[in-house]
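Below: the structure, in structure tokens.
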């Protein structure tokens, strides 16, 4: 199986998390400690980034696409923050603090 998402080795880009939305859209968190982190929507045929929302600061490492199709839950491994992001705007619309650094490693949505 070929790699779906690839970055040039000297780009500094890394794929941190991947997830499918309920409608079949594919997203990833792209990390670059020089230029920042981003929530990316990918073309399923090519893996190319179709849309990219810059995230506030580094550390976003967990990704769960909401069943409502409009939001993404992201977890920050560095500071323990959980954010509910608008997929359309990229803005945080709600957040919670776990108050535990370097521990948040996964998220799930239960309906």
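Residue numbers (the numbering used here): 2 to 112.
Even for Gly, the Cβ is constructed at its ideal location relative to N, Cα and C.
For residue 82, the enclosing beta strand (DSSP E) covers residues 82-87. Looking at the DSSP output, residue 75 shares a beta bridge with 64 and 84. Fewer than three pairs of CB atoms, one per stretch, sit closer than 8 Å, so the stretch 57-66 makes no contact with the stretch 8-15.
Segment contact: the stretch 70-88 against the stretch 99-110, three or more CB-CB distances shorter than 8 Å; contact assigned. DSSP places residue 11 within a helical segment (H, G or I) once states are collapsed to three. When the beta-carbon positions are compared, residue 86 and residue 45 stay at least 8 Å from each other. For residue 97, the closest of 84, 109 and 88 by C-alpha to C-alpha distance is 84.
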